[in-house]
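Here the structure is laid out as structure tokens; the discussion comes afterwards.
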Amino acid sequence: MNWQQAQKDFEHFLLIERGLAKNSVQNYSLDISKLINHLSTNEIRVSPTKITGEILQHFIYEVAKILNARSQSRIISGLKSFFNYLIFEGYRDDNPMELIESPKTGRKLPDTLSLNEIDDLIAAVDLSTNEGERNRAIIETLYGCGLRVSEVIDLNISDLYFQEGFIKITGKGDKERFVPIGEITQNYITQYLENSRNRVSVKKLASDVVFLNRRGNKLTRAMIFTIVKNLALTANLNKNISPHTFRHSFATHLLENGADLRAIQQMLGHESITTTEIYMHVDKSHLREVIKDFHPRSNY
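Position one of the sequence shown corresponds to residue 92 (this note's numbering), numbered consecutively onward.
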């Protein structure tokens, strides 16, 4: 078995057997590609079934020179999964990554925006441009529904159930969920669909897609990141934000205003409640107020 075939088979396994999203599969595959490039650069001729822990340790050592601890941990985790797959398929009897430990990264708390900062970003959208209404609707959808960037670019017109107050989202692993959508977000999307989108020559493959680029195709992840970064500059917002910042802000603001954690979990599409619980670490001040106001012994 050569590296290219093993990589391709692993991608198929992750996509079909484990049901991972395409972006996750691409990240796993990228880790293997980095290892393959390392072997090629150093003229190390060894197959996936014969590679040793010593060779892999040297690869991780080289990776550590250019990547932070969090990125190192992701690569180590990805390679461990790859070699576990080879064991599962009977190509190996051992995992050469077994004794390689991930660096300690700690838990990074998510960045959030205040409501005023979000309002400033939306106000910074130039509605006189052809993309203005679209960009405003994108920002409002990211924050108003707490969506991942991939979920925004994959959102279809047929997924909009405005009369019922929900949108249908296809999340990680092609799992579907219904997310509530407020009137403000609905209005911005409707204005965009009825005005700006109608002025675009829509390509056939994107006929049902909500957010389009000027050529009538589906937007890319990179384009959403660019929109957010440019708005932050226009609004003089001195924070390093990304589309995911709006998702964090969505969850944090719900929690701070008394929303149930499990309800937030369902809206975010988290498989495990422990993933949602990271928002508990952002601001605990409101939890003290809950005890003060509602616990029978808080005034003793």
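C-beta atoms are modelled at their ideal positions from N, C-alpha and C, and glycine is treated no differently.
Bear in mind the structure is a predicted one, so any value in this text is a computation, not a measurement.
Since residue i and residue j should fall inside the 8 Å C-beta cutoff, what is the C-beta to C-beta distance between them, to a whole number of angstroms?
i      : j      : result
Gly235 : Gly273 : 5 Å
Leu328 : Gly237 : With 8 Å as the limit, Leu328 and Gly237 do not qualify as a contact, their Cβ atoms being about 20 Å apart.
Val270 : Ile280 : Not really, about 13 Å apart at Cβ, beyond 8 Å.
Ala228 : Tyr283 : 4 Å
Asp299 : Ile332 : Contact flag wrong, Cβ pair sits at about 30 Å.
Leu106 : Val116 : 5 Å
Ala112 : Leu177 : The pair is not a contact, with the Cβ atoms about 22 Å apart (cut-off 8 Å).
Ser340 : Ile244 : Going by Cβ atoms, the distance from Ser340 to Ile244 rounds to 19 Å, so no, they are not a contact pair.
Phe302 : Leu296 : Not quite, the Cβ-Cβ distance comes to about 14 Å (not below 8 Å), so this is no contact.
In or out: residue i buried (at least 16 other Cβ within 10 Å) or exposed?
i      : result
Pro334 : buried
Ile230 : buried
Asn252 : Sequence check: residue 252 is Tyr here, not Asn. Tyr252 is exposed by the Cβ-count criterion.
Arg45  : Shown here, the chain extends from 92 to 391; a query on residue 45 therefore has no answer.
Arg290 : exposed
Thr232 : buried
Leu206 : exposed
Ser292 : exposed
Ile318 : buried
Arg338 : buried
Phe179 : exposed
Ser287 : buried
Ala323 : buried
Thr336 : buried
Thr276 : buried
Leu218 : exposed
Ile135 : exposed
Is the beta carbon of residue i sitting closer than 7 Å to the one on residue j?
i      : j      : result
Thr367 : Leu345 : no
Gln143 : Arg183 : Gln is not the amino acid found at residue 143; the sequence shown has Thr there. No, these two residues do not count as a Cβ contact at 7 Å.
Asn308 : Lys294 : yes
Gly264 : Gly110 : yes
Val240 : Ile315 : yes
Thr343 : Thr220 : no
Asp211 : Ala313 : no
Ser164 : Ser193 : yes
Trp94  : Ile146 : no
Ile392 : Glu242 : A query on residue 392 cannot be resolved here, the shown segment of the chain reaching from 92 to 391 and no further.
Ile364 : Gln357 : no
Gln148 : Ile191 : yes
By DSSP's criteria, residue i is part of a beta bridge. Which residues make up the other side?
i      : result
Pro139 : According to DSSP, which records beta bridges pairwise, Pro139 is partnered with nothing at all.
Lys252 : Looking at the sequence shown, residue 252 is not Lys but Tyr. Tyr252 pairs with Phe257.
Val270 : Ile258
Asn247 : Val300
Lys156 : Note: Lys156 sits in no beta bridge, so no partner.
Lys309 : Leu303
Between residue i and chain D, is any beta-carbon pair separated by less than 7 Å?
i      : result
Val301 : Included in the structure is just one protein chain, with no chain D present.
Mind checking whether the beta-carbon of residue i lies closer than 6 Å to any heavy atom of the ligand FAD?
i      : result
Ser162 : This structure simply doesn't include the ligand FAD, nor any ligand for that matter.
*Could you say if the stretch 114-124 and the stretch 156-164 meet the contact criterion of at least three C-beta pairs nearer than 8 Å?*
no
_the stretch 186-195 in contact with the stretch 160-174 per 3-pair CB rule at 8 Å_ = yes
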